[in-house]
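**Q**
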Amino acid sequence: MTSIPSFERIDRALLDRLRDIGAATIAGSLAREGIRNPHLAGLLAHNPGKRVCGQAVTLQFMPKREDVHWGDEYSYAPERELHRQAIMAAAPGDVVVVDARGSLQSGVFGEMMLTSFKARGGEGIVIDGCIRDFPEVRKLDLGLWLRGVTPNFHTQTEIFPHAVNVPIACANVFVVPGDVIVADDDGAVLVPAALAAKMADIATEKTEWEIFSRLKLEEGGALDKYYPLNDEARLEYEVWRRARKD
53 MTSIPSFERI DRALLDRLRD IGAATIAGSL AREGIRNPHL AGLLAHNPGK
103 RVCGQAVTLQ FMPKREDVHW GDEYSYAPER ELHRQAIMAA APGDVVVVDA
153 RGSLQSGVFG EMMLTSFKAR GGEGIVIDGC IRDFPEVRKL DLGLWLRGVT
203 PNFHTQTEIF PHAVNVPIAC ANVFVVPGDV IVADDDGAVL VPAALAAKMA
253 DIATEKTEWE IFSRLKLEEG GALDKYYPLN DEARLEYEVW RRARKD
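Read in order, the letters of the sequence shown correspond to residues 53 to 298 in the numbering used here.
1) Kindly indicate the opening and closing residues of the alpha helix (DSSP H) around Pro187.
2) Taking the alpha carbon of Asp180 as the reference point, which residue from Asp68, Ser158, Val120, Leu66 has its own alpha carbon closest?
3) Would you list the residues sitting across from Asp238 in a DSSP beta bridge?
4) Less than 8 Å between the CB atoms is what I'm expecting for Ala152 and Ile211, so what's the real figure, rounded?
5) I need the DSSP call for His135, collapsed to helix, strand or coil.
6) Determine the closest residue to Leu196 out of Lys170, Arg286, Glu262, Gly272, with distance taken between C-alpha atoms.
7) Mind checking Val148: buried by the 16 CB within 10 Å criterion, or exposed?
8) Return yes when the Cβ of His214 is within less than 9 Å of the Cβ of Gln137, no when it is not.
9) Given a cut-off of 9 Å on the beta-carbon distance, is the pair Ala108 and Leu242 in contact?
10) If distances are taken between C-alpha atoms only, which option among Ile233, Leu166, Arg71 comes closest to Leu194?
11) Starting from the C-beta of Ala79, find all residues in its chain whose C-beta is less than 7 Å away, skip the five residues before and the five after it, and write them out in chain order.
12) Exposed or buried, which one is Asn282 when buried takes at least 16 other CB atoms within 10 Å?
In structure tokens, the structure reads:
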């Protein structure tokens with residue numbers, strides 16, 4: 053069996069900070085840093101209320117060519133079972149991210165694969181495509197961001213798994229193994245691994261002043277003063293922030 057490439061690990065505490073900040077604030081902060089396409093658009097939360105953050109284990113599908121892969125779901129040739137290898141390569145807290153070419157026909161994973169993933173401590177699944185066995189899978193309480201669901205298994209139709217832990221294009225976003233995925237009901241967002249710490253600091257500050265803004269808006273404060281903060285409101289915010297820390 054071919055060895056699966058690995059990637060550098062990020063401290064779990066940093067990932068937890070990013071998860072708590074949320075996808076929307078992260079996406080806005082990335083845009084201000086020049087990363088303007090972080091949202092894996094079209095992949096909807098299929099377990100509403102879940103929030104995850106983890107590093108990406110990637111799985112790439114390609115169009116099926118029968119002399120390369122003839123579609124046997126239970127092939128005994130390990131090189132043909134790369135969807136299994138992606139699950140086995142995932143460490144606790146990881147997110148498996150799949151370029152399934154937007155297919156609405158092939159179910160990348162089913163109940164058994166995802167039961168194993170959950171038991172191994174997997175954080176979530178992000179697929180530009182579908183899963184199957186959804187009635188059973190949703191009982192696992194995993195974070196799921198998908199295009200949809202299907203009754204078909206992974207190679208039953210037009211695609212097959214081609215590579216694990218290689219750069220992929222998922223929902224038209226360039227994903228490198230080890231990149232960070234932050235996902236919640238707003239969708240799934242990619243944070244380049246090298247920017248994870250910077251994003252946590254920038255987005256944490258934005259989250260803090262938005263708490264102040266929300267309080268002022270709830271009191272009837274002027275929108276054009278408190279969101280975003282103008283100079284006068286910024287001075288009020290600094291007083292409020294210092295008082296919170298005392």
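The C-beta atom is built at its ideal place from N, Cα and C for all residues, glycine as well. This one's a predicted model, so the numbers in the text were calculated from it and none came from an experiment.
**A** This is what the structure gives:
1) 186 to 189
2) When each option's Cα is compared against that of Asp180, the closest is Ser158.
3) Asp238 pairs with nothing; no bridge assigned.
4) About 6 Å separates the two Cβ atoms, so the contact holds.
5) helix
6) Lys170
7) buried
8) No. Outside cutoff.
9) Yes. Within cutoff.
10) Leu166
11) Pro90, His91, Val241, listed in sequence order.
12) exposed
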